[in-house]
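First comes the structure, then the notes that go with it.
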Amino acid sequence: MNDQEFFDLALKVIGRRASDAEREQLEALLASRPEFKTQFEGIRDDARLAKKVLPLMEAAGSSSGEFPAYARERLLTKVRQTLGQTQPARARRGWNWRWALGFAVGAAAVVLLLLPMLTRPAEPIIQVAMLDTAGPVRGEDSELDTLKAQWKHSEVRTFDKAGQVDAWRTDWPSGAKMVAKVIYNRAAGEVRVILYGPSKPMEKAFPVGQDLAATLRQAADFIREQTGK
Amino acid sequence: MNAPDLQRLQRGDREAWVDAFHWLWPAASGAARVTLEARLPSEVEDVAIAAVEELVEKVPALASIDEFRPLVASIAHNKAVSRLRQHFAAKRGSGRVESPGDQPEDGGEFPEAVAEDSPVAALEQKELAERLGRLLAELTSPQGEVLADYFLRGLSYEEIATERGVAKGSVGVYLKRGLAAMRRIWGRGGKDV
Chain A
1 MNDQEFFDLA LKVIGRRASD AEREQLEALL ASRPEFKTQF EGIRDDARLA KKVLPLMEAA
61 GSSSGEFPAY ARERLLTKVR QTLGQTQPAR ARRGWNWRWA LGFAVGAAAV VLLLLPMLTR
121 PAEPIIQVAM LDTAGPVRGE DSELDTLKAQ WKHSEVRTFD KAGQVDAWRT DWPSGAKMVA
181 KVIYNRAAGE VRVILYGPSK PMEKAFPVGQ DLAATLRQAA DFIREQTGK
Chain B
230 MNAPDLQRLQ RGDREAWVDA FHWLWPAASG AARVTLEARL PSEVEDVAIA AVEELVEKVP
290 ALASIDEFRP LVASIAHNKA VSRLRQHFAA KRGSGRVESP GDQPEDGGEF PEAVAEDSPV
350 AALEQKELAE RLGRLLAELT SPQGEVLADY FLRGLSYEEI ATERGVAKGS VGVYLKRGLA
410 AMRRIWGRGG KDV
């Protein structure tokens, strides 16, 4: 019996996967060849170690498991406190431009919002906002685009404080019979729809998974179902 | 997902860190789960988040991005072990930390991970991270997978050969070499730590 064959047999016995005949074969070997006994004990120690170390090694090399969105702010705060700046200066300058652009787009959107009020009063007015308490990060622009693509005729507002959103959600457009407010909360990973109409206000939340656009479609379907439009 | 850029992380670049959280999470939560899943599964996320927080503190001293995942896994593991020990101490009502010989009252034996003579629990974070990193680098594919298939998933040589597309005769060779690598890094049975 060579080394590899002995190893395979020993491992089978240690793992309690051996037949009676294989166990007897090993016992006979250990009795007749003392050097195999030391080898067997070594394999048994190695197997014991493997069972303890492998789970951790698998974890360290794993790529599955979804990072919970709620933890992001806490960890970014830690990064900020420990390492200082958490945002490249270039990105910040870009954001100023985006604010200016956003303001211009916002002004244009007000006009767009007013038009349906005057011409089609029975249609629900849809107002959209994004709450991002973390400030600008990569991917945010594409998310804004996704929101704009879903509700092409609505202004998309961005807020970085929860209090601002609370004020915005209770601010009704005057003269509107039906208003749908859509709030995308990035940190919470949720899209919330609030419907204000002749009857009691209605509210529903949609968790955002991998696909924001799909969640927005669900929200839009909900608005259509509830308003009949 | 690609590894984030070390220098950007050390500068505190927000975008790099957001990516890094996703990249690090499987290692942190996986290591916490190994220890806590059976007794305290609700604590897994808390421990993993705390481990990433602690990793952030160590980032200025790190020289390579390859150190990040083994380090966060080892931090998470050690935190999870502490949490489990506290849990058993609280169960006993004395508030003291268990000694290795003690048995918990809530049934069964002390979990392997909590025992102070465990080759994994006995290591300091830094040393554990170094060994994990070396092991990950040394166990090239399919050696690591074959070891996990046999020792963690309980597959037979035949099943592993089919699963990994290797000859049945090679499975034992991979196992023998894999255990030898582990022994080189950890010491025989973890006894030399």
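First to last, the sequence lines map onto chains A and B. Reminder that position 154 of the first sequence reads as 154 in our numbering, one-by-one numbering, no gaps. Reminder that position 138 of the second sequence reads as 367 in our numbering, one-by-one numbering, no gaps. From the three backbone atoms N, C-alpha and C, an ideal C-beta is built for every residue, glycine too.
Give every residue of the same chain whose Cβ lies closer than 8 Å to the Cβ of residue i, excluding the five residues on either side of it in the sequence, and list them in chain order.
i: Ala-213 (chain A); result: Thr-146, Ala-149 and Gln-150
i: Glu-296 (chain B); result: Ala-358 and Gly-362
i: Leu-265 (chain B); result: Glu-272, Val-273, Val-276, Ala-309, Arg-312 and Leu-313
i: Trp-172 (chain A); result: Val-179 and Tyr-196
List the whole-angstrom C-beta distance separating residue i from residue j, where the pair is believed to meet the contact cut-off of C-beta under 8 Å.
i: Arg-186 (chain A); j: Trp-168 (chain A); result: So it is not a contact: roughly 16 Å between Cβ atoms.
i: Glu-356 (chain B); j: Ala-410 (chain B); result: Rounded, the Cβ-Cβ distance is 17 Å, inconsistent with contact.
i: Leu-376 (chain B); j: Gly-407 (chain B); result: 4 Å
i: Val-179 (chain A); j: Gln-218 (chain A); result: Val-179 (chain A) to Gln-218 (chain A), Cβ: 19 Å. No contact.
i: Ile-14 (chain A); j: Ala-47 (chain A); result: 5 Å
i: Lys-397 (chain B); j: Tyr-386 (chain B); result: 5 Å
i: Gly-373 (chain B); j: Gly-65 (chain A); result: Not a contact, Cβ separation roughly 18 Å.
i: Phe-67 (chain A); j: Phe-36 (chain A); result: With 8 Å as the limit, Phe-67 (chain A) and Phe-36 (chain A) do not qualify as a contact, their Cβ atoms being about 50 Å apart.
i: Ile-278 (chain B); j: Ala-59 (chain A); result: 15 Å between Cβ atoms; not a contact.
DSSP has residue i in a bridge; who is on the other side?
i: Arg-157 (chain A); result: A:Ala-129
i: Asn-2 (chain A); result: Answer by DSSP bridge pairing: none, since Asn-2 (chain A) is not bridged.
i: Phe-206 (chain A); result: A:Val-191
i: Asn-185 (chain A); result: A:Leu-131 and A:Glu-190
i: Val-179 (chain A); result: A:Ile-125 and A:Tyr-196
Exposed or buried, which one is residue i when buried takes at least 16 other CB atoms within 10 Å?
i: Gly-163 (chain A); result: exposed
i: Asn-223 (chain B); result: As shown, chain B starts at 230 and ends at 422. That puts residue 223 (chain B) outside it, with no answer to give.
i: Lys-181 (chain A); result: buried
i: Gln-236 (chain B); result: exposed
i: Met-130 (chain A); result: buried
i: Asp-248 (chain B); result: buried
i: Pro-270 (chain B); result: exposed
i: His-306 (chain B); result: buried
i: Met-1 (chain A); result: exposed
i: Asp-141 (chain A); result: exposed
i: Gln-354 (chain B); result: buried
i: Ala-31 (chain A); result: exposed
i: Pro-233 (chain B); result: buried
i: Asp-211 (chain A); result: exposed
i: Tyr-184 (chain A); result: buried
i: Asp-242 (chain B); result: buried
i: Pro-34 (chain A); result: exposed
i: Lys-161 (chain A); result: exposed
Within the same chain, show all residues whose beta-carbon is closer than 6 Å to that of residue i, passing over the 5 residues directly before and after it, in chain order.
i: Ala-18 (chain A); result: Lys-12
i: Leu-216 (chain A); result: Gln-150
Among the residues of its own chain, which have a CB less than 7 Å from the CB of residue i, if the five just before and after it don't count?
i: Val-301 (chain B); result: Leu-253, Ala-256, Ala-257, Ala-280, Val-281 and Leu-284
i: Arg-262 (chain B); result: Val-273
i: Trp-246 (chain B); result: Leu-238
i: Asp-45 (chain A); result: none
i: Leu-83 (chain A); result: none
Relative to the C-alpha of residue i, which residue among the options is closest?
i: Ile-223 (chain A); options: A:Asp-45, A:Pro-68 and A:Pro-201; result: A:Pro-201
i: His-153 (chain A); options: A:Glu-143, A:Ile-125 and A:Gly-228; result: A:Ile-125
i: Lys-177 (chain A); options: A:Val-193, A:Glu-190, A:Ser-199 and A:Val-165; result: A:Ser-199
i: Val-79 (chain A); options: B:Ser-370, B:Ala-267, B:Glu-286 and B:Arg-412; result: B:Glu-286
Taking beta-carbon pairs under 8 Å, can you tell me which members of the stretch 37 to 63 of chain A lie near chain E? Going by chain labels, chain E is absent from the structure shown, which instead holds the protein chains A and B.
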